[in-house]
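Residue numbers (the working numbering): 184 to 312.
What follows is the structure, encoded as structure tokens:
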């Protein structure tokens with residue numbers, strides 16, 4: 184009845200952070216949170232811990248202290264994941280990262296968030312030249 188076509192965008196084949204680059208289990212996130220080193224920059228707090236995998240993994244956490252509204256928290260998470268996806272090739276291999284946001288992130292635009300997150304990863308020594 185319906186003719187469904189799947190269109191692939193050749194220029195932008197990857198539209199979200201790949202699954203292998205995501206920290207999913209709460210035990211993995213908790214391990215990074217407890218054992219990882221902290222780095223701050225602008226609106227971001229990054230916890231970093233070395234892993235023995237051939238790729239880095241990320242989790243983005245936005246608590247209710249930032250906003251009671253799930254819509255606002257989810258928007259910040261989407262923006263942050265897009266920044267990570269966009270700069271994935273510049274981030275060192277073999278790290279687990281938990282990224283949290285401060286309340287000031289609600290007022291920041293995309294460029295400010297991008298600058299702050301890259302600065303936090305630079306402080307962590309997680310950016311390639």
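Just so it is clear, CB atoms sit at the ideal spot from N, CA and C, and this is done for glycine as well.
I need the DSSP call for residue i, collapsed to helix, strand or coil.
i, result
"residue 200", "coil"
"residue 312", "coil"
"residue 290", "helix"
"residue 208", "coil"
"residue 138", "The chain is shown only over 184 to 312; residue 138 falls outside these bounds and no answer can be derived."
"residue 215", "helix"
"residue 260", "helix"
"residue 228", "strand"
What residue from the options has the CA that sits closest to residue i's CA?
i, options, result
"residue 268", "286, 283, 241 and 224", "241"
"residue 200", "243, 237, 212 and 299", "243"
"residue 307", "204, 236, 222 and 274", "222"
Are there 16 or more other CB atoms within 10 angstroms of the CB of residue i, so buried, or fewer, so exposed?
i, result
"residue 293", "exposed"
"residue 287", "exposed"
"residue 248", "exposed"
"residue 256", "buried"
"residue 239", "buried"
"residue 299", "buried"
"residue 284", "buried"
Look at the Cβ atom of residue i, then the Cβ atom of residue j, and state whether they are nearer than 8 Å.
i, j, result
"residue 279", "residue 232", "yes"
Answer with yes or no whether the minimum CB distance from residue i to chain B is below 8 Å.
i, result
"residue 247", "Annotation note: the requested chain B is absent from the structure, which comprises a single protein chain."
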